[in-house]
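Trainee: Numbering-wise (numbering that gives the first Met the number 0), the sequence shown opens with residue 0 and increments by one. Where is the CB? At the ideal position from N, CA and C, for every residue including glycine. Note that the coordinates shown come from a computational prediction; the quantities given were computed from them, not determined experimentally.
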Amino acid sequence: MDLYEHQARQLFDRHGIVVPRAEITDSPKEAREIARRLGGRAVVKAQVKTGGRGKAGGVKFAADPAAAELTARQILGMDIKGHTVGTVMLAEPVAVEAEFYVSYVLDRAGGRFLAIASAEGGMDIEEVAATRPEAVARVPVDPAEGVTASKAAEIAEAAGLPARAVDVLVRLWQVLVREDALLVEVNPLVRTTRGQILALDGKVTLDDNAAFRQARWGSETDGYGDPLEAAAAAKGLTYVRLDGEVGIIGNGAGLVMSTLDVVAGCGARPANFLDIGGGASAQVMADGLTVILSDPAVRSVLVNVFGGITACDAVAEGIVRALDTVRLTRPLVVRLDGNNAARGREILDARRHPLVEQATTMDGAARRAADLATAA
Ligand code: GDP
Ligand code: MN
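If you want it as structure tokens, here you go:
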């Protein structure tokens, strides 16, 4: 999960990396108030999960509170690389003397982390790496050893960063480890004209697999993700919302992926990815259906299950019992195949729900669900 800049800043701050004072808002009027609180001047920054905001006009300096309001009005609603700006952050401007780049990124192939650092920060680091590769230091970090003061000194030395950046490098490693991040990046890390080292912009990608042990992520991530995805996550479901109209439930990520493809091949768009894995219980079915049916865009739902370890009759029982608790408001097409499929179909037939129908093949089921979703 990628964090917004203002969320990344909270993590930096928690681990002692200095960030400029800042506040977020979705209202131009409030932006004026914030600028006033910050002393009048402010850098107004679009909060979108994509880089290159500056170049796209999403980072602007405002000389007084009235200008901050006007600038916030311009930036809010702006489209930056397909991301609509819903929130701006107003930060206290700092007098920058030098801009650096520092990051730690997981190097999966190498089974380690990589510190990437450069004395030429601020701009697009990929561009620097392409045109002047010698200006970008890449130092492997053994995850078991981490970034100690001496490792940090080695990184700073390799990149030509000032000695004062060493402390930040150690703290940034703490952010990565303690917050369970896969990527932490500060660009730019700056030295102000008064010699202070500050993180002016940050990017953090958290490791979703660590969510179970990061209860405090809640405060950073609440209210920013998709509400349905949050509801699904709270129920322990592997659900990703898409922008189509056919709700999808399947068992096994591979089967669900191919189901999405087949539905798309039938001229409809999948509304979600939902893998119930081996969990065919009535509760999992009911939870899955509830989440999918809370999406108003959904016009039909397709359950595609290939019985293996979880037999189809158990899945059918799960669906039948889920129908007792969930009010089905849109048609449900079920395709059961594999282990105990015949028994599963009988169980569903016996339930005789007016909105439930069965198909024997994946293609047939997808075609039917697509037709139901696209009809009138
Ligand atoms: P990005 O374009 O999405 O990477 O957004 P940044 O937050 O990195 O801002 C882009 C650039 O704006 C930075 O590299 C800085 O050069 C500049 N900038 C942002 N905030 C300040 C500030 O407070 N003072 C100064 N002097 N420059 C700033
Ligand atoms: Mn930046």
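For residue 355, count neighbouring Cβ atoms within 10 angstroms of its own Cβ and tell me buried if that reaches 16, exposed if not.
Mentor: Buried.
Trainee: DSSP has residue 211 in a bridge; who is on the other side?
Mentor: Beta-bridge pairing links residue 211 to no other residue.
Trainee: Can you give the Cα-Cα distance for residue 223 and residue 180, rounded to whole angstroms?
Mentor: Confidence is the limiting factor: at residue 223 the pLDDT is only 45, short of 50, which leaves the residue's position unreliable, though a coordinate-based value still follows. Rounded to the nearest angstrom, the two C-alpha atoms are 18 Å apart.
Trainee: What is the rounded straight-line gap between the Cα of residue 103 and the Cα of residue 167?
Mentor: If you take the alpha carbons of residue 103 and residue 167, they lie about 12 Å apart.
Trainee: Measuring from each Cβ to the nearest heavy atom of ligand 2, keep the ones under 5 Å and list them in chain order.
Mentor: Here the residues come out as 186, 200.
Trainee: Where residue 196 and residue 88 are concerned, what is the direct C-alpha to C-alpha distance, given to the nearest angstrom?
Mentor: The straight-line gap from Cα to Cα measures roughly 20 Å.
Trainee: Rank 106, 165, 185 by C-alpha distance to the C-alpha of residue 18 and give the top, closest one.
Mentor: Of the candidates 106, 165, 185, the one whose C-alpha sits nearest the C-alpha of residue 18 is 185.
Trainee: Going by C-alpha to C-alpha distance, which of 155, 371, 273 sits closest to residue 227?
Mentor: Measuring from the Cα of residue 227, the nearest candidate turns out to be 273.
Trainee: For residue 222, which of helix, strand or coil comes out of DSSP?
Mentor: Its pLDDT being 45, under 50, residue 222 is placed unreliably in this model, and the coordinates cannot settle the point.
Trainee: So which of 24, 62, 263, 285 has the shortest CA-CA distance to residue 38?
Mentor: It is 62.
Trainee: At which residues does the beta strand (DSSP E) containing residue 84 begin and terminate?
Mentor: Element bounds for residue 84: n/a, residue is neither H nor E.
Trainee: Is any heavy atom of ligand 1 found at a distance shorter than 7 Å from the C-beta of residue 50?
Mentor: Yes - ligand 1 has a heavy atom lying nearer than 7 Å to the Cβ of residue 50.
Trainee: What do you reckon, is the C-beta of residue 321 under 7 Å from a heavy atom of ligand 1?
Mentor: Because no heavy atom of ligand 1 lies under 7 Å away, the Cβ of residue 321 does not count as near it: no.
Trainee: Go ahead and pull the three-state DSSP assignment for residue 353.
Mentor: Note: residue 353 maps to coil in three-state DSSP.
Trainee: Just checking my contact of residue 266 with residue 360 at CB under 8 Å: how many whole Å lie between their CB atoms?
Mentor: Rounded, the Cβ-Cβ distance is 17 Å, inconsistent with contact.
Trainee: Is the number of C-beta pairs between the segment 58-78 and the segment 107-119 that are closer than 8 Å three or more?
Mentor: Touching, no.
Trainee: With a cut-off of 8 Å on the beta carbons, I'd call residue 201 and residue 172 a contact; round off their distance for me.
Mentor: Between residue 172 and residue 201 the Cβ distance is about 14 Å, and since that is not below 8 Å, they are no contact.
Trainee: Roughly how many angstroms separate the alpha carbons of residue 338 and residue 150, rounded to a whole number?
Mentor: So the two alpha carbons sit approximately 55 Å from each other.
Trainee: Whole angstroms are fine: how far does the CA of residue 70 sit from the CA of residue 239?
Mentor: Between residue 239 and residue 70, the C-alpha separation is close to 34 Å.
Trainee: Figure out for me which residue from 328, 331, 311 has the closest Cα to the Cα of residue 345.
Mentor: When only C-alpha atoms are compared, the closest one is 311.
Trainee: Rounding to the nearest angstrom, what Cα-Cα distance links residue 133 and residue 52 in this structure?
Mentor: Cα to Cα, the separation comes out at about 26 Å.
Trainee: Who does residue 120 pair with in a DSSP beta bridge?
Mentor: According to DSSP, which records beta bridges pairwise, residue 120 is partnered with nothing at all.
Trainee: Is there contact between the segment 133-142 and the segment 116-123, where contact requires at least three CB pairs shorter than 8 Å?
Mentor: Result yes; three or more Cβ-Cβ pairs closer than 8 Å.
Trainee: So which of 21, 50, 64 has the shortest CA-CA distance to residue 27?
Mentor: Taking only the C-alpha atoms, the option nearest residue 27 is 64.
Trainee: Look at residue 371 and residue 303 and say whether their C-beta atoms are less than 8 Å apart.
Mentor: It is not a contact, given that the beta carbons lie outside the stated cut-off.
Trainee: For a test of your reading of the model: does the CB of residue 56 fall under 7 Å from any non-hydrogen atom of ligand 1? Yes or no.
Mentor: No; taking the cut-off as 7 Å, the Cβ of residue 56 has no heavy atom of ligand 1 nearer than that.
Trainee: How far does the alpha helix (DSSP H) with residue 13 in it extend, from its first residue to its last?
Mentor: Looking at the DSSP string, the run of the alpha helix (DSSP H) that includes residue 13 is 4-13.
Trainee: Starting from residue 165, trace the alpha helix (DSSP H) in both directions and tell me its first and last residue.
Mentor: Here the alpha helix (DSSP H) through residue 165 covers 164-177.
Trainee: In three-state DSSP terms, what is residue 132?
Mentor: In this structure, residue 132 counts as helix in the three-state DSSP scheme.
Trainee: Between 164, 328, 207, which lies nearest to residue 235 when the distance is taken from Cα to Cα?
Mentor: It is 207 whose Cα lies nearest to the Cα of residue 235.
Trainee: Give the secondary structure of residue 241 by DSSP, where H, G and I count as helix, E and B as strand, and everything else as coil.
Mentor: Here residue 241 sits in coil by DSSP.
Trainee: If you compare alpha carbons, which of 5, 163, 10 is closest to residue 213?
Mentor: Nearest C-alpha to residue 213: 10.
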